[in-house]
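Here is the structure we will look at.
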Amino acid sequence: MKIDSSHPEYPFWALLSPDGRQVRIENIAPSPTLSPYTRDDFQPCAIICTICTETSIQNLSLASTHYGGYSLYLPAQANP
Numbered sequence: 000m001k002i003d004s005s006h007p008e009y010p011f012w013a014l015l016s017p018d019g020r021q022v023r024i025e026n027i028a029p030s031p032t033l034s035p036y037t038r039d040d041f042q043p044c045a046i047i048c049t050i051c052t053e054t055s056i057q058n059l060s061l062a063s064t065h066y067g068g069y070s071l072y073l074p075a076q077a078n079p
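Using numbering that gives the first Met the number 0, read the sequence shown as starting at 0 and increasing by one per residue.
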């Protein structure tokens with residue numbers, strides 16, 4: 000995820016794991032205070048972003064934009 004600090008994050012946790020399975024959600028743009036706790040080896044399979052204007056991020060392409068300013072980035076072969 001790459002979202003503004005005022006935008007909700009927790010609803011995505013519930014939506015992405017409705018059956019309670021563990022999913023890994025990482026902030027790909029943490030604040031400087033939290034950046035020492037991030038893992039360098041994390042490779043996202045998708046990115047949800049509310050503050051992005053790029054057509055690609057971390058080798059993922061803009062797949063769709065949604066009401067409220069949410070953008071979804073996916074691998075190029077997964078884009079509809």
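We put the CB at the ideal spot given by N, CA and C, even for glycine.
Remark: C-beta atoms of Ile-56 and Asp-3 do not approach each other more closely than 8 Å.
Beta-bridge partners of His-65 (DSSP): Tyr-69. Of the residues assessed, Ser-5 falls on the exposed side of the cut-off, its CB having fewer than 16 other CB atoms within 10 angstroms. Residue state for Leu-33 is assigned as coil, using DSSP reduced to three classes.
A straight line joining the alpha-carbon of Glu-25 with that of Phe-11 spans about 12 Å. Note that the C-beta distance between Leu-59 and Ile-46 is below 8 Å.
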